[in-house]
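J.: I'd like to ask you about the structure that follows.
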Amino acid sequence: MHVTAQELCNYLNGKLEGNPNAVVNRPAKIEEGEYGTVSFIAHPKYEDYAYTTQASVLLVSHDFKPEKPVTATLIRVENVYACVGTLLQKFNGRKYRNEGVDSQASVHSTADIADNVSVGAFCYIGSNTKIGSGSVIYPQVFLGDNVVIGENVILYPGVRILHDCKIGDHTIIHSNTVIGSDGFGFSPNGDGTYSKIPQIGHVVVGKGVEIGANNVIDRATMGATQIKDGVKLDNLIQVAHNVEVGQNTVIAAQTGIAGSTKIGNNCMIGGQVGFVGHIEVADGSKIQAQSGVARSIKEEGKAWHGSPAFAYNSFMRSQVVFRKLPEMAKQIAALEAKLASLTTKD
Amino acid sequence: MHVTAQELCNYLNGKLEGNPNAVVNRPAKIEEGEYGTVSFIAHPKYEDYAYTTQASVLLVSHDFKPEKPVTATLIRVENVYACVGTLLQKFNGRKYRNEGVDSQASVHSTADIADNVSVGAFCYIGSNTKIGSGSVIYPQVFLGDNVVIGENVILYPGVRILHDCKIGDHTIIHSNTVIGSDGFGFSPNGDGTYSKIPQIGHVVVGKGVEIGANNVIDRATMGATQIKDGVKLDNLIQVAHNVEVGQNTVIAAQTGIAGSTKIGNNCMIGGQVGFVGHIEVADGSKIQAQSGVARSIKEEGKAWHGSPAFAYNSFMRSQVVFRKLPEMAKQIAALEAKLASLTTKD
Amino acid sequence: MHVTAQELCNYLNGKLEGNPNAVVNRPAKIEEGEYGTVSFIAHPKYEDYAYTTQASVLLVSHDFKPEKPVTATLIRVENVYACVGTLLQKFNGRKYRNEGVDSQASVHSTADIADNVSVGAFCYIGSNTKIGSGSVIYPQVFLGDNVVIGENVILYPGVRILHDCKIGDHTIIHSNTVIGSDGFGFSPNGDGTYSKIPQIGHVVVGKGVEIGANNVIDRATMGATQIKDGVKLDNLIQVAHNVEVGQNTVIAAQTGIAGSTKIGNNCMIGGQVGFVGHIEVADGSKIQAQSGVARSIKEEGKAWHGSPAFAYNSFMRSQVVFRKLPEMAKQIAALEAKLASLTTKD
């Protein structure tokens, strides 16, 4: 695809400075901007690249004031970061060949698959399972019995959705993620052994959700583990039985949420965070990476850090002192010695 | 399935209070208890729900003394939590259609599969591999060469068991777990590069084990990585080569155990814990979530916390002071100032 | 396979002491050394086993001076650990039956597969995808469109390599690892919801790389996520979009690297480490397990620990004091009391 700077500028509702006929064929990061690419400066720390980049076109904000000459054609826009998304959409060539249900898929006779659905080779579709219009099921996916897949869902290769689970419209699930494995529930028998507690619930994933690769979302013991509309989960995340993740909450990779915990709406959760079970986390909470949340969080919109986690600012202040602990120990010893000598002197 | 309160009471060996003819069709958590459900109070903190729940039947302990009127029929039992397991078993409708070996499975001619075994579509069964009576191999499972699967084993979709590994009777392995991938062993060549150390051992999983989804258990360099009888592993757990996990030990999600470490029997290990390699952890150890165990633990039955981990109570006491470090730094500065002025005065 | 001590000695360029005709059929760890096995002492802490082992042959270093009689035939070598690798290679019986492209694989008509390649049952090979000579693709692997697999690559069952990704020669990827899932990029819409930023880049994996099981390496937003030659990744590792991992860097299990971070060459990174996004880590850095790297590391070859991480030695010194914090708090209180009484006395 070849596009002129002027065409891009119109497409992005920007303001052009420079050669409107410059031609680009793909977007590139500013460090990798070659002739024929369109690049962008979404953060001031990258501004220096503006003067050296080979990119033919550069998206910048209205505020950008070059301190040196810039050879690229500039397109000034309101929100550079948002425009990058629009730009990538324009250049996104990904197409899945819709070839209906592959002859090498195994589809139960009672499954109900809408007309314009792709089901790839080596998919297994169980009894009474429904797949809504426009959905793309890549090869090698497993859908158990009584599964409901909404419309325009994308399931990448190796996704496993066990019996009775539901996936909402426009949701995307990446490769090798497991939805509806048994919750981790055992009752001790008194002799050291455990008996399995059957997990007879399911998982309900809302609309417009994106779930990364190699995640696990366990089914509820009874009732439903719930991932609400608009949630974004990164990779390798653990969601235990009966957990609820509130609308539009975003969770980075390798975080784990123990059983029955409820995460509020619009939370931002870093990577490798752990939540103990049976707690509630207020809407808008921000949890720093690697934190361990051991208690319910009741105040909305606050930032937390540490393991066990407490208020972000307090943690950072404690952490600064932590680095000086050996020095502090010496100060105390010195004080004790001084005071002892003082007392002796007295 | 519809059951009367009296039938449930008999089934659970309980004591009934209220309407013996109340009918229920499924279990529900107390917060979600609707008309026609049987719910339960397994922990005092949920007692308030007893007075407002719409559940038709309620399991409670013999000790439960209602402070307000309860409309549900009560079934009093010795151990509510254990009875919930029994109850779920009664309502557990999960059935896998035993259809023998699917025509779309790839089974090597030398594989030895007992008569009443299910092997789903798109399974690959290698040479000389044995599957014992009553086992259910869901679709899309891989069993390499010389694998031994015991009796009444359940392998969920996407499980990969590489060559030479053994799985004991009554063991359950959830989706996309990998057993027998190569241990992580390399020897440095002196020029910065590494040579692979062949991993010629295998993995032996005992009886009555449950292994969650997306776990990885690497094969031993030589000999066996061992998961002993009755072990319960949650999801996304890493077990490195030559590790041993002792009988009835329970490990929560996202924990990792480095090479050659031996975890004792009856341990309880939280989520996101890390163990360094080549250590031993005594029987009955309790490791708090997110701890890092960097040394062998010799005393049995103790609790540990922190990274590096030390005695749980000590950690918690240190952690309390950690939060006050900035204040403590000020106290020391004040002491120094005071003492300096005192000395000057002198 | 049966080998005499003399044959082994010649094979390893060692120096023999004892019976040159002792016969062994497999290697064993020293704790498990039985009659007919060859074992080794690679670390002084295992020396005591030399006097009690039943192993028929023992590899030891030239420095080893037995303090008691040893019954095993000794083979003295320069570098025991390296010889163990050579030894395991000799006994490594793993063979994949090269059976060409399985009739139950789904291969697009435009795929370009070299002659002596194995493609197992239930593999899906997309359009324009190339597989180089000598590569082994185990069953149930997914290769999307325009994928390039080099020569002598091994892909274990359940590996998913999405469109446009490239894998270098002699690289090994273990089961259920995902390469080329979408990077985690969303732009906020202002009303709490997010829009997906298309991820139109890819992943480039170098030569001689080994990637463990259940890893995830996301594709770049634009450009490439890069795993350079000779990198070794353990299991369950997260590599976000646009990350670069430098040559011969070794990363232990469950570590996560956030977007656009560049890890240098020859780094050694422990398990469960987290790296924030957009930082650079100097060549030769050593990061202790469970650390959280929150800033760029500019000095080469240093060791780091903690979350947030700082210099390893400093961390360890602070950690020692951390354990004494409750005592320290008492010391300060005592100092304050003493000083107060002193001041009063004055």
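Residue numbers (the numbering used here), protein chains in the order written: chain F, 1 to 346; chain W, 1 to 346; chain U, 1 to 346.
Backbone N, C-alpha and C fix where the C-beta goes; we use that ideal spot for every residue, glycine too.
Just to make sure I have the definition right: I need the residues of chain W whose C-beta is within less than 8 Å of the C-beta of Gln-319/U. Which are they?
T.: Translated into positions along the third sequence, residue 319/U becomes position 319. In chain order: Pro-308.
J.: For Lys-90/F, collect the residues of the same chain with a Cβ closer than 7 Å to its Cβ; drop the 5 residues on either side in sequence, then sort them by chain order.
T.: For the purposes of this step, residue 90/F is taken as residue 90 along the first sequence, with counting starting at 1. Around Lys-90/F: Tyr-11.
J.: To be precise: take each residue of the segment 179-202 of chain U, compare its Cβ to all Cβ atoms of chain F, and keep it if any distance is under 7 Å. Which residues remain?
T.: Ser-181, Asp-182, Phe-184, Phe-186, Ser-187, Gly-192, Thr-193, Tyr-194, Ser-195, Lys-196, Ile-197, Pro-198, Ile-200
J.: Are the C-beta of Ala-258/W and some C-beta of chain U separated by less than 8 Å?
T.: Counting from one through the second sequence, the residue named residue 258/W turns up at place 258. Ala-258/W counts as touching chain U.
J.: Which bits of chain F does Tyr-81/W rub up against, with CB to CB less than 7 Å?
T.: Position 81 of the second sequence, counted from the first residue, corresponds to residue 81/W. Within 7 Å Cβ-Cβ: Ser-187.
J.: Listed from N- to C-terminal order along the chain, which residues in the segment 120-142 of chain U have their beta-carbon within a distance smaller than 7 Å of any beta-carbon of chain F?
T.: Phe-122, Tyr-124, Gln-140, Phe-142
J.: Does any residue of chain W bring its CB to less than 8 Å from the CB of Ser-118/U?
T.: Here residue 118/U refers to the residue found at position 118 of the third sequence. No, because no Cβ of chain W sits closer than 8 Å to the Cβ of Ser-118/U.
J.: Just to make sure I have the definition right: I need the residues of chain W whose C-beta is within less than 9 Å of the C-beta of Ile-332/F. Which are they?
T.: Counting from 1 along the first sequence, the entry for residue 332/F is found at position 332. Correct list: Ile-332, Leu-335.
J.: Here's the rule: buried if 16 or more other CB atoms are within 10 angstroms of the residue's CB, otherwise exposed. What is Tyr-124/W?
T.: For the purposes of this step, residue 124/W is taken as the residue at position 124 of the second sequence. Answer is buried; the Cβ neighbour count reaches 16.
J.: Does the segment 210-218 of chain F touch the segment 173-189 of chain F, meaning 3 or more C-beta pairs lie closer than 8 Å?
T.: yes
J.: Which of the three DSSP states, helix, strand or coil, is assigned to Ser-106/U?
T.: Position 106 of the third sequence holds residue 106/U. Secondary structure of Ser-106/U (DSSP, three-state): strand.
J.: Determine, using beta carbons only, whether Asn-265/W and Gln-290/W come nearer to each other than 8 Å.
T.: Taking the first residue of the second sequence as 1, we reach residue 265/W at position 265. Taking the first residue of the second sequence as 1, we reach residue 290/W at position 290. Not in contact: Asn-265/W and Gln-290/W (Cβ atoms no closer than 8 Å).
J.: Phe-310/W lies in the beta strand (DSSP E); which residues open and close that run?
T.: Here residue 310/W corresponds to residue number 310 of the second sequence, with the count starting at 1. Unbroken beta strand (DSSP E) run through Phe-310/W: 309-311.
J.: Looking only at C-alpha atoms, which of Gln-54/U, Ala-224/U, Val-38/U sits nearest to Glu-244/U?
T.: By 1-based counting over the third sequence, the position of residue 244/U is 244. The candidate whose alpha carbon is nearest that of Glu-244/U is Ala-224/U.
J.: Closer than 8 Å, CB to CB, is Ala-289/U near chain W or not?
T.: If you number the third sequence from 1, residue 289/U lands on position 289. Yes - at least one Cβ of chain W is within 8 Å of the one on Ala-289/U.
J.: On the three-state DSSP scale, how would you describe Glu-151/F?
T.: As a first step, residue 151/F is located in the first sequence; it is residue number 151 there, counting from the start. Coil at Glu-151/F, not helix or strand.
J.: Check whether the Cβ atoms of Ala-28/U and Ala-55/U sit closer than 8 Å, and answer yes or no.
T.: Here residue 28/U is taken as the residue at index 28 of the third sequence, counted from 1. Here residue 55/U is taken as the residue at index 55 of the third sequence, counted from 1. Yes.
J.: Around the Cβ of Tyr-194/F, are there at least 16 other Cβ atoms within 10 angstroms (buried) or fewer (exposed)?
T.: Here residue 194/F refers to the residue found at position 194 of the first sequence. The residue in question, Tyr-194/F, is buried, as its Cβ has 16 or more Cβ neighbours within 10 Å.
J.: Assuming Asp-234/U contacts Ala-253/U under a Cβ cut-off of 8 Å, what Cβ separation, rounded to an integer in Å, is found between them?
T.: One-based indexing of the third sequence puts residue 234/U at position 234. One-based indexing of the third sequence puts residue 253/U at position 253. Between Ala-253/U and Asp-234/U the Cβ distance is about 4 Å, and since that is below 8 Å, they are a contact.
J.: Residues of chain W with a CB under 8 Å from the CB of Lys-338/F: which are they?
T.: In the first sequence, residue 338/F corresponds to position 338, counting from 1. Those are Leu-339, Thr-343, listed as they occur along chain W.
J.: At a cut of 8 Å, does the segment 323-340 of chain W reach the segment 327-342 of chain U through at least three beta carbon pairs?
T.: yes
J.: So, with DSSP's three-state summary, where would you put Ala-82/W?
T.: Position 82 of the second sequence holds residue 82/W. Looking at Ala-82/W - three-state DSSP - the assignment turns out to be helix.
J.: Quick check: the Cα distance between Ser-61/U and Leu-325/U, rounded to an integer number of angstroms?
T.: For this step, residue 61/U is matched to residue 61 along the third sequence. For this step, residue 325/U is matched to residue 325 along the third sequence. Computed Cα separation, rounded: 45 Å.
J.: Please identify, using Cβ separations under 8 Å, the residues of the segment 225-254 of chain U that lie next to chain F, in order along the chain.
T.: Residues of the segment 225-254 of chain U whose Cβ lies closer than 8 Å to any Cβ of chain F, in chain order: Leu-236, Gln-238, Ala-240, Asn-242, Gln-254.
J.: Quick one: grab the DSSP three-state call for Ser-285/W.
T.: By one-based count along the second sequence, residue 285/W stands at place 285. Here Ser-285/W sits in coil by DSSP.
J.: Would you call the segment 188-203 of chain U in contact with the segment 133-141 of chain U, where contact means no fewer than 3 C-beta pairs closer than 8 Å?
T.: no
J.: Shorter than 8 Å from the beta carbon of Phe-91/U to some beta carbon of chain W?
T.: Numbered from its first residue, the third sequence carries residue 91/U at position 91. By this cut-off, Phe-91/U is an interface position.
J.: Based on Cα-Cα distance, which residue from Ile-297/U, Lys-166/U, Gly-274/U, Asn-92/U lies nearest to Gln-199/W?
T.: Within the second sequence, numbered from 1, the residue matching residue 199/W stands at position 199. Ranking Ile-297/U, Lys-166/U, Gly-274/U, Asn-92/U by Cα distance to Gln-199/W puts Asn-92/U first.
J.: Determine whether the Cβ of Gln-54/U lies closer than 8 Å to any Cβ atom of chain W.
T.: The residue you call residue 54/U lines up with position 54 of the third sequence. Cβ-Cβ to chain W under 8 Å: no for Gln-54/U.
J.: How would you write the range of the alpha helix (DSSP H) that Leu-8/U sits in, first residue to last?
T.: What you label residue 8/U is simply residue 8 of the third sequence in a count that begins at 1. Unbroken alpha helix (DSSP H) run through Leu-8/U: 5-11.
J.: Residues of the segment 156-172 of chain U in Cβ contact with chain F at a cutoff of 8 Å, in chain order, please.
T.: Gly-158, Arg-160, Leu-162, His-163
J.: If the cut is a Cβ gap below 8 Å, which residues of chain W does Phe-322/F touch?
T.: Position 322 of the first sequence, counting from 1, holds the residue named residue 322/F. By Cβ distance, chain W contributes Phe-322, Leu-325.
J.: At a CB distance below 8 Å, what residues from the segment 263-282 of chain U approach chain F? Give them in sequence order.
T.: Gln-272, Gly-274, Val-276
J.: Taking the straight line between their C-alpha atoms, what separation do you get for Gly-150/F and Ile-167/F?
T.: Residue 150/F sits at position 150 when you count from the first residue of the first sequence. Residue 167/F sits at position 167 when you count from the first residue of the first sequence. Between Gly-150/F and Ile-167/F, the C-alpha separation is close to 6 Å.
J.: Have a look at the DSSP bridge pairing and note the partners of Gly-226/W.
T.: Here residue 226/W refers to the residue found at position 226 when the second sequence is read from its first residue. Strictly speaking, residue 226/W in this sequence is Gln, with Gly absent from that position. Answer is Val-204/W, Glu-244/W, bridged to Gln-226/W.
J.: Quick one: give me the first and last residue of the beta strand (DSSP E) that Lys-15/W is part of.
T.: By 1-based counting over the second sequence, the position of residue 15/W is 15. Start and end: 15-17.
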